[in-house]
Amino acid sequence: MAGNDDSRTQEYPNAESDAQIRHAVREIREQGYCVLESFLSGEQVDQIGQFLDAKKDHYFGRNNFEGDKTERIYAILSQGKLFQDLVEDRRIMALCDRFLEPNYLLTTSQAICIHPGETPQPWHCDDAFYGIARPRTVALSTVIAIDDFTAKNGCTEVIPGSHLWSDEEIAGDYRSGDRETDADFVQRMAGKSVAVEMPAGACVVFSSNTLHRGGRNSSQTVRRALSNQYCQPWLRTIENFYLTIPRAQVREMSPRVQSLLGYSVHPPFMGQVSGSHPLKTLNPGFVPSVFRRE
Ligand SMILES: O=C(O)CCC(=O)C(=O)O
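Just so we're aligned: the sequence shown equals residues 4 to 297 in our numbering.
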């Protein structure tokens, strides 16, 4: 995996969080995932829970992957500073600094609420659509629990160690369509998976090439979560935030979030706008040079 320079965590000088990050880096490297306990405060959990409850029943998935009993609210960071603060949380940024190249991007930011009766998602990796040979590190995913995550209510499930599997070893996982491409895949994974049970406010972080899925919800209540995911600065992002989030709103966001949304240049010139830095597009009246009158 990328990022062997331990000095980079020194950007986050608090000794306790530094130790937490070092431990998390080790776990992600060794088993493909880690859990950050007490990631959110109780107040944040309550506020996000209330927000999600107010939005309930309008965002059901359209296929077995999204989940027809699962609600997904994409571009959730557009819904307030509360969500933007989580996108640029210093612990997550420290992990991204370790696994991704500078100028990494936010690739998706969504709420995932699994309703009672939902079946397990197909086993998948969040980077399956990038044609780069495995094992690779091209993205980092987070799932933040807004409810206690249990094996009964559809907590995230992971296959420890699968981030190190080759393309041949992983063959049969979900790529597109409705289910895993190999009918035996689920059987082959049985006994290898871990249900990531964790309290509300905790966060599971995993390498994008770790096999995982949202579990079956056989409880009577909704399992609510947020998922922010980050990718290398030279990849196409899952969500097209340029077209989702109005520039007037991006203008009010922090410099870090602006950069994560792609208002940044990956040297020497990836992301430029008709020869200008993309941040210039946030100035009212900006006109790309190609459209300017002489
Ligand atoms: O909701 C979860 O626990 C995981 C969801 C997931 O892996 C996905 O939608 O890509």
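For every residue, glycine included, the Cβ atom is placed at its ideal position computed from N, Cα and C.
task: Would you list the one or two residues that DSSP bridges to residue 269?
output: Stepping through the sequence shown from its first residue, residue 269 is reached at position 266. Its beta-bridge partners are 273.
query: With residue 111 and residue 217 assumed to form a contact (beta carbons below 8 Å), what rounded beta-carbon distance in angstroms separates them?
result: Within the sequence shown, numbered from 1, the residue matching residue 111 stands at position 108. Within the sequence shown, numbered from 1, the residue matching residue 217 stands at position 214. Contact doesn't hold; Cβ gap of about 14 Å is too wide.
- request: Run the proximity test for residue 228: is its beta-carbon closer than 7 Å to any non-hydrogen atom belonging to ligand 1?
  value: Walking along the sequence shown from the start, residue 228 turns up at place 225. Result yes, Cβ under 7 Å from ligand 1.
task: Would you identify the three-state DSSP class for residue 233, choosing helix, strand or coil?
output: As a working note, residue 233 is residue 230 in the sequence shown. In the structure shown, residue 233 sits in a strand (DSSP, three-state: E or B).
query: In the DSSP assignment, what are the bridge partners of residue 89?
result: Numbered from 1 along the sequence shown, position 86 holds the residue referred to as residue 89. In the DSSP output, where bridge partners are listed per residue, residue 89 has none listed.
- prompt: Do the CB positions of residue 31 and residue 209 come within less than 8 Å of each other?
  reply: Start at 1 with the first residue of the sequence shown, and residue 31 comes out as number 28. Start at 1 with the first residue of the sequence shown, and residue 209 comes out as number 206. Cβ distance < 8 Å, so residue 31 and residue 209 count as in contact.
message: At the level of alpha carbons, what is the spacing between residue 56 and residue 229?
response: Taking the sequence shown and counting its residues from 1, one reaches residue 56 at position 53. Taking the sequence shown and counting its residues from 1, one reaches residue 229 at position 226. Using only the alpha carbons, I get a separation of about 13 Å.
- prompt: How long is the line joining the alpha carbons of residue 180 and residue 117, rounded to whole angstroms?
  reply: Mapped onto the sequence shown, residue 180 falls at position 177. Mapped onto the sequence shown, residue 117 falls at position 114. Roughly 20 Å between the two C-alpha positions.
- request: Could you tell me whether the stretch 172-187 touches the stretch 81-100, where touching means 3 or more Cβ pairs closer than 8 Å?
  value: no
For residue 201: DSSP bridge partner residues: Counting from one through the sequence shown, the residue named residue 201 turns up at place 198. Partner(s): 152.
field: Counterpart residues of residue 76 in DSSP-defined beta bridges
entry: For the purposes of this step, residue 76 is taken as the residue at position 73 of the sequence shown. Answer by DSSP bridge pairing, in chain order: 114.
message: Taking 7 Å as the cut-off, is the beta-carbon of residue 115 closer than that to any non-hydrogen atom of ligand 1?
response: Position 112 of the sequence shown, counted from the first residue, corresponds to residue 115. Checking every heavy atom of ligand 1 against the Cβ of residue 115, one is found closer than 7 Å.
field: Same chain, Cβ closer than 6 Å to residue 28, neighbours up to 5 away in sequence not counted
entry: For the purposes of this step, residue 28 is identified with residue 25 of the sequence shown, where counting begins at 1. Excluding positions up to five away in sequence, the list reads 101.
message: Does residue 237 pass the burial test, meaning 16 or more other C-beta atoms within 10 Å, or should it be called exposed?
response: Working through the sequence shown from its first residue, we reach residue 237 at position 234. That one is exposed.
task: Identify, in the order they occur along the chain, each residue of the same chain with its Cβ nearer than 6 Å to the Cβ of residue 106, setting aside the five sequence neighbours on each side.
output: As a first step, residue 106 must be located in the sequence shown, where it is residue number 103. Cβ within range, chain order: 236, 267, 269.
Pairwise C-alpha distance: residue 47 and residue 11: Residue mapping note: residue 11 aligns to position 8 of the sequence shown, counting from 1. Residue mapping note: residue 47 aligns to position 44 of the sequence shown, counting from 1. Any answer about residue 11 is weak, because its pLDDT of 40 lies below 50 and its placement is not dependable; what the coordinates show is given next. Their backbone Cα atoms lie some 28 Å apart in a straight line.
query: Where does residue 52 sit, in a helix, a strand or coil, going by DSSP?
result: Translated into positions along the sequence shown, residue 52 becomes position 49. Residue 52 falls in the helix class under three-state DSSP.
Local Cβ density within 10 Å of residue 176, reported as buried at 16 or more and exposed below that: As a working note, residue 176 is residue 173 in the sequence shown. The residue in question, residue 176, is buried, as its Cβ has 16 or more Cβ neighbours within 10 Å.
message: Quick check for students: name the residue ranges of the beta strand (DSSP E) that lie wholly in the stretch 120-192, counting only runs of 3 or more.
response: 142-148, 159-161
message: Assuming the contact rule is C-beta atoms closer than 8 Å, residue 234 and residue 136 should be a hit. Round their C-beta distance to whole Å, please.
response: Within the sequence shown, the letter at position 231 stands for residue 234. Within the sequence shown, the letter at position 133 stands for residue 136. The Cβ separation is near 17 Å, so there is no contact.
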